[in-house]
Every structure is written in C-alpha cells, then in structure tokens.
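>
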Amino acid sequence: MSITVYAPASMGNVGVGYDLLGAALAPIDGSLLGDRVMIEAADSGVHYSQTGPWAHKLPEDGKQNIVYQCAEFFLEKLNSTQGVVIDLEKNLPVGSGLGSSASSVVAALYALNEHFEQPFDEQALLLLMGEFEGMISGSVHFDNVAPCYLGGMQLMLNTPKQVCATIPSFKQWYWVVAYPGISLSTAKMRELLPSQYDKSVAIDFARHLSAFVHASYQQDAYLAIAVLKDVMAEPYRAEAIPGYTDARSELEKLGMLTTGISGSGPTLFSVTDSLETAQAAQVWLEQHYLSEAGGFAHVCKLDESGTRRV
Ligand code: HSE
1 MSITVYAPAS MGNVGVGYDL LGAALAPIDG SLLGDRVMIE AADSGVHYSQ TGPWAHKLPE
61 DGKQNIVYQC AEFFLEKLNS TQGVVIDLEK NLPVGSGLGS SASSVVAALY ALNEHFEQPF
121 DEQALLLLMG EFEGMISGSV HFDNVAPCYL GGMQLMLNTP KQVCATIPSF KQWYWVVAYP
181 GISLSTAKMR ELLPSQYDKS VAIDFARHLS AFVHASYQQD AYLAIAVLKD VMAEPYRAEA
241 IPGYTDARSE LEKLGMLTTG ISGSGPTLFS VTDSLETAQA AQVWLEQHYL SEAGGFAHVC
301 KLDESGTRRV
C-alpha cells in the first residue's frame, strides 16, 4: 500500500514575528504550492527518487537529500528490517522564502510516521521536523515546519511541553505572495542581521508581536495591520532582495494594506481584504517583481489543514 502526503508552503516570520510566527499558504486557484512525498514498503533499505519541477536544483546524489536522511533515520530508530521506497515531488523552489526545505522534511517525516503506524506523537514529530530542517537552514527554528505541519497561523512557544500554538487568523484576508525566481540562502540572510539590538527596537518588536496576537484574538483587523511591522529583519534584508523596496511602495499605492518579506526572502507577501486589489497586485508583481524563469505570484488564503494524506 502506498501513501502520498502533501505539505504546504509557509511564510516564516509573517513580518511581525521573527522566528516566532509562521503561516501556511493555499493558492485560491487550487495551484499546487507544496511538496509531495510518496512512500511504500520495500524489502530492505531506502530507495529514494526525486521528481517534480524543482528536483533539478537538489543535490544529484540522492543520499545527500534530507528526505533520504529522514527515511534512514526512521529505519535505524525503529530497527526496521523492512525498507521503504520514497519519492520526493519537489514543487517548491529552493531558497525562496516559502519554507521549501520545511515542506520536504515535514512531508517526509509525516509520511514515514504514517507508514510505520505513528511511532511518534505530534510534539515529538514536530521536534524532529525542526531538527532536520535546521540541518538545511543552518539553525533550528520552527516558524516554517510548525505551520507547514499543523496549518494556519502558528505562534512559537518553545516550551518543553509545547513547541507552538495555533492563533486565530483573519479569514477575510488575501495573502498575495510573489517569488521572483532567484534563490537566497537562509543562512546568509540570517547573517545580515545584527547580533544585538537597541532596547527601543526590542520594545517595538515585543509590542508589535504581542499587539498582533492580541488583535488576532480580538479579530481587530485594523489593529493587526497597524502593528504588522518588521523591525527585526526587514531593515537589514530589504536591500539584499532586488526590487523589494520598490515593490513595497507600489503595492501600497495599489491599495494593499501591508507588505513584508516571507521568511528570509526573496518571496514577498502582501495583504488585502479585497479580491480585486489582490488580483491587481498579482498582475503588477508578475509584470514587475518576477525576474527569472520559474518565478510566480499567487493570491492565497491560509492553508488551515497543514500536512495531509492526499
Ligand atoms: N525565521 C527564519 C528567518 C525563516 O527569517 O531566517 C526562514 O527560514
């Protein structure tokens, strides 16, 4: 019996919560924006293959792929005499800011856990996902793996008992995301940030994030937009993303409510509650922000389901 699992794209940070907030994405036109993993039993060992539109950007030697490594980890941990055939359909561009590595890791570990009849519970699996994703991105942070796995808007708690919690989202919002086609390394984009911040920045960061969470619970969209400001990463990353600053001001002129960097970029996100404005922004971004083959813009809602069998 074979199992296929889909893991959606995600936005780390969501502008206001560096390493602490993340959201999963679902294009409203039903386009596929996430990796898929197919798994079935084999006599022994790991039989790995990679397919899909972005597979050519992965290491050619399959053994270096994180999905292969996830499968090896499972077989060893469970002392399994049985093996697996595992295929990664790589639908998300690498280094895009859309949680591409998280999507592969989450789909693989979820599929393996299902295949072996759930030896790990939700929290244990989430910790594993963070650990494996950290091997690729260079540091363990859960703001992509958590929403990718669990869906919706996730706030990181990082306590021994609970990695994250779902917070209410604004169902009327459209999230326009645009990926220009270039690839940026998360590790390098993290190096652009200072190691220390002024006290006033720390206070603004805490105020924005706590007010955004409060507004989410109150369903106060006006307040949420007023505080959806990135003082931690955007000031240091904007310059490294070609066309980002211009796009941000053009999107404001088009009537978008706010714009930010998705994860460590180069994908940007922009928010509106009007479908018409979202579609106008999508067209503008397609014409002006996309610079390389493979770039795209989507009008999305949040993916409230997260990773699932398909
Ligand atoms: N929180 C992470 C960052 C997300 O901004 O570096 C990217 O993986």
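Mapping of the sequence shown onto the working numbering: position 156 corresponds to residue 156, and the numbering continues sequentially without gaps. All C-beta atoms, glycine included, are put in the ideal place defined by N, C-alpha and C.
Which one or two residues does DSSP pair with Trp-175 in a beta bridge?
Indexing the sequence shown from 1 puts residue 175 at position 175. Trp-175 pairs with Val-271 and Cys-300.
> Considering only the beta carbon of each residue, do Ala-233 and Leu-193 sit closer than 8 Å?
Here the question's residue 233 lines up with position 233 in the sequence shown. Here the question's residue 193 lines up with position 193 in the sequence shown. Contact: yes.
> Would you say the beta carbon of Tyr-18 comes nearer than 7 Å to a heavy atom of the ligand HSE?
On the sequence shown, position 18 is the one that residue 18 refers to. Result yes, Cβ under 7 Å from the ligand HSE.
> Using the three-state DSSP reduction, which class does Asp-35 fall into: helix, strand or coil?
Along the sequence shown, read from residue 1 onward, the residue named residue 35 stands at position 35. Reduced to three states, the DSSP call for Asp-35 is strand.
> I'd like to know whether the C-beta atoms of Gly-15 and Gly-260 end up nearer to each other than 8 Å.
Along the sequence shown, read from residue 1 onward, the residue named residue 15 stands at position 15. Along the sequence shown, read from residue 1 onward, the residue named residue 260 stands at position 260. Yes, these two residues count as a Cβ contact at 8 Å.
> Does the beta-carbon of Arg-309 have 16 or more other beta-carbons within 10 angstroms, so that it is buried, or is it exposed?
One-based indexing of the sequence shown puts residue 309 at position 309. Result: exposed.
> If we call anything under 8 Å between Cβ atoms a contact, is Trp-54 one with Pro-27?
Along the sequence shown, read from residue 1 onward, the residue named residue 54 stands at position 54. Along the sequence shown, read from residue 1 onward, the residue named residue 27 stands at position 27. Cβ atoms of Trp-54 and Pro-27: not closer than 8 Å.
> Is Leu-109 buried or exposed, if buried means 16 or more other CB atoms sit within 10 Å of its CB?
Position 109 of the sequence shown, counted from the start, is the residue given in the question as residue 109. Leu-109 comes out buried.
> I'd like the list of long-range same chain contacts for Ser-305, defined as Cβ closer than 7 Å, with 5 residues on each side in sequence excluded.
Looking up residue 305 in the sequence shown gives position 305. Correct list, in chain order: Gly-151.
> How would you label Tyr-179, buried or exposed, when you count the other beta carbons within 10 angstroms and need 16 or more for buried?
Stepping through the sequence shown from its first residue, residue 179 is reached at position 179. Tyr-179 comes out buried.
> In the DSSP assignment, find the unbroken beta strand (DSSP E) run with Asp-139 in it and report its ends.
As a working mapping, residue 139 is identified with position 139 in the sequence shown. According to the sequence provided, residue 139 is Ser. The question's Asp does not apply to it. Here Ser-139 belongs to no beta strand (DSSP E), and DSSP marks it neither H nor E.
> Short of 7 Å in beta carbon distance, which residues of its chain neighbour Phe-120, apart from the five on each side in sequence? Order them along the chain.
Taking the first residue of the sequence shown as 1, we reach residue 120 at position 120. Cβ neighbours of Phe-120 beyond the five flanking positions: Asn-113 and Leu-128.
> Nearest-angstrom Cα distance between Pro-59 and Lys-199?
Stepping through the sequence shown from its first residue, residue 59 is reached at position 59. Stepping through the sequence shown from its first residue, residue 199 is reached at position 199. Cα to Cα, the separation comes out at about 42 Å.
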